[in-house]
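Chains D and X, in that order, are what the protein sequence lines are.
Under this note's numbering, think of the first position of the first sequence as 4, with each following residue one higher.
Under this note's numbering, think of the first position of the second sequence as 165, with each following residue one higher.
For glycine and all other residues, C-beta sits at the position ideal for the given N, C-alpha and C.
Remember, it's a predicted structure, so these values are computed and weren't measured experimentally.
Beneath this line is the structure, given in structure tokens, with notes to follow.
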Amino acid sequence: MERIPILRIGSLLLVTIQVDLYDDLALQLQDDLSTRIADLGATGVLIDISALEIVDSFIGRTLANIAAIARVLDAETVVVGMQPAVAITLVELGMSLPGIRTALNVDLGMEYLRQAATGGDGVGTDHYAE
Amino acid sequence: METVSEQIITRSEILPIRTQIDLVHVRQRVRTWLSEERFTLIDQTKIVTAASELARNALEHGGGGQMEMSLLAVGARKGIRLKFSDQGPGIADIAMALKDGYTTAGGMGLGLSGSKRLMSEFDIQSSPGAGTVVTVTRWK
Numbered sequence: 004m005e006r007i008p009i010l011r012i013g014s015l016l017l018v019t020i021q022v023d024l025y026d027d028l029a030l031q032l033q034d035d036l037s038t039r040i041a042d043l044g045a046t047g048v049l050i051d052i053s054a055l056e057i058v059d060s061f062i063g064r065t066l067a068n069i070a071a072i073a074r075v076l077d078a079e080t081v082v083v084g085m086q087p088a089v090a091i092t093l094v095e096l097g098m099s100l101p102g103i104r105t106a107l108n109v110d111l112g113m114e115y116l117r118q119a120a121t122g123g124d125g126v127g128t129d130h131y132a133e
Numbered sequence: 165m166e167t168v169s170e171q172i173i174t175r176s177e178i179l180p181i182r183t184q185i186d187l188v189h190v191r192q193r194v195r196t197w198l199s200e201e202r203f204t205l206i207d208q209t210k211i212v213t214a215a216s217e218l219a220r221n222a223l224e225h226g227g228g229g230q231m232e233m234s235l236l237a238v239g240a241r242k243g244i245r246l247k248f249s250d251q252g253p254g255i256a257d258i259a260m261a262l263k264d265g266y267t268t269a270g271g272m273g274l275g276l277s278g279s280k281r282l283m284s285e286f287d288i289q290s291s292p293g294a295g296t297v298v299t300v301t302r303w304k
């Protein structure tokens with residue numbers, strides 16, 4: 004079965020979604036990430052969705068599930084690079100993705116995860132949105 | 165002088181919704197049309213997202229079906245109409261099904277209500293045992 008690659012950088016996991024995300028592929032990613040977090044003791048997960056042209060309720064829910072599972076496994080998740088049109092559509096759809104930490108780009112997302120891993124929580128900066 | 169322009173279908177296509185891959189094809193095909201017809205990026209994103217939600221409904225709740233997409237013209241105005249049909253169990257309480265957060269499949273319950281918000285026009289025809297037809301239109 005097709006899989007989305009997961010890269011490891013130190014204690015962080017990095018995923019860039021560059022394919023059309025059908026439902027089973029999204030669920031496979033959720034399973035793979037959960038396993039990798041536990042196996043490696045990862046402290047953070049960064050998911051780059053800048054190539055995603057839409058996020059519908061299923062993909063949104065899967066991202067929320069990944070963040071929730073990671074949290075239970077003691078890892079932070081940050082979703083980066085959402086296109087403005089996708090953000091507008093998601094909110095109109097009725098999903099504001101509560102519980103998902105987002106950042107505008109990979110650099111800011113990595114910075115947040117590194118701070119989170121060393122005890123900071125990013126509060127006080129305006130680079131991040133809940 | 166006032167003339168009433170007739171609604172003309174300038175283009176039409178039917179796509180199957182039988183598998184998750186069909187769902188991806190539906191999204192891609194709708195996107196291609198909208199791009200060719202020069203809908204704005206935000207409109208494209210909204211319409212493709214609504215198509216994804218409604219196609220998934222037809223697949224998950226209706227056991228599969230089809231989408232008929234048509235390009236409409238009323239005078240100089242263009243629009244796209246997407247009609248999703250399935251032969252599934254149908255919906256007994258449509259008003260309830262249209263509420264945010266109402267779900268029978270463990271999802272978010274945003275498919276119908278969210279799609280309605282993303283499109284200009286929304287129509288649903290359904291009754292128990294008779295399948296479901298959802299027709300949505302968005303004008304440029």
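From D:Glu79, D:Gln33, D:Arg117 and D:Leu66, residue whose alpha carbon lies closest to that of Ser99 of chain D: Walking along the first sequence from the start, residue 99 of chain D turns up at place 96. Checking every option, the nearest Cα to that of Ser99 of chain D belongs to D:Leu66.
Coarse secondary structure for Phe61 of chain D, derived from DSSP in three states: As a working mapping, residue 61 of chain D is identified with position 58 in the first sequence. Here Phe61 of chain D sits in helix by DSSP.
Selection from X:Thr213, X:Arg245, X:Asp207 and X:Glu170 that minimises the alpha carbon distance to Leu276 of chain X: Taking the second sequence and counting its residues from 1, one reaches residue 276 of chain X at position 112. Minimum Cα distance to Leu276 of chain X is reached at X:Thr213.
Beta carbon proximity, Glu5 of chain D to chain X, threshold 8 Å: Sequence index remark: in the first sequence, residue 5 of chain D carries index 2 (1-based). Chain X contact via Cβ: absent.
Cβ shell of Ala256 of chain X (< 6 Å), same chain only, five flanking positions each side left out: Here the question's residue 256 of chain X lines up with position 92 in the second sequence. Counting only Cβ-Cβ distances below 6 Å, and skipping sequence neighbours, we find Pro292.
Contact with chain D by Asp250 of chain X, beta-carbon distance below 8 Å: Translated into the one-based positions of the second sequence, residue 250 of chain X becomes position 86. Nearest CB-CB separation between Asp250 of chain X and chain D: not below the 8 Å threshold.
Three-state secondary structure assigned by DSSP to Lys280 of chain X: Residue numbering aside, residue 280 of chain X sits at position 116 when the second sequence is read from its first letter. Residue state, collapsed to three classes: helix.
Per-residue contacts from Gly97 of chain D into chain X (C-beta, under 8 Å): Mapped onto the first sequence, residue 97 of chain D falls at position 94. By Cβ distance, chain X contributes Asp264, Met272, Leu274, Ser277, Gly278 and Arg281.
Validate contact between the stretch 98–117 of chain D and the stretch 73–87 of chain D using beta carbons, cut 8 Å, 3 pairs: yes
Identity of the residues DSSP links to Leu16 of chain D by a beta bridge: Taking the first sequence and counting its residues from 1, one reaches residue 16 of chain D at position 13. In DSSP, Leu16 of chain D forms a bridge with D:Arg11 and D:Val48.
Contacts of Tyr115 of chain D in chain X (Cβ-Cβ under 9 Å): The count along the first sequence starts at 1 and reaches residue 115 of chain D at position 112. Going along chain X, no residue has its Cβ under 9 Å from Tyr115 of chain D, so there is no contact; the nearest lies around 26 Å.
Distance CB(Arg182 of chain X)-CB(Gly228 of chain X) smaller than 8 Å: Locating residue 182 of chain X in the second sequence gives position 18, where the first residue counts as 1. Locating residue 228 of chain X in the second sequence gives position 64, where the first residue counts as 1. Taking a C-beta distance under 8 Å as the contact criterion, Arg182 of chain X and Gly228 of chain X qualify as a contact pair.
Ile255 of chain X, DSSP secondary structure in three states: The count along the second sequence starts at 1 and reaches residue 255 of chain X at position 91. If DSSP states are grouped into helix, strand and coil, Ile255 of chain X belongs with coil.
Spatially closest choice to Ser176 of chain X from X:Lys247, X:Leu282, X:Leu262 and X:Arg302, by CA coordinates: Here the question's residue 176 of chain X lines up with position 12 in the second sequence. Considering only alpha carbons, the answer is X:Lys247.
Length of the line joining the Cα atoms of Ile69 of chain D and Ala240 of chain X: Numbered from its first residue, the first sequence carries residue 69 of chain D at position 66. Numbered from its first residue, the second sequence carries residue 240 of chain X at position 76. Roughly 46 Å separates the two Cα atoms.
Helix, strand or coil at Trp213 of chain X [DSSP, three-state]: On the second sequence, residue 213 of chain X is found 49 positions in, with the first residue counted as 1. One point to set straight first is that residue 213 of chain X is Thr, not Trp, in the sequence displayed. Helix.
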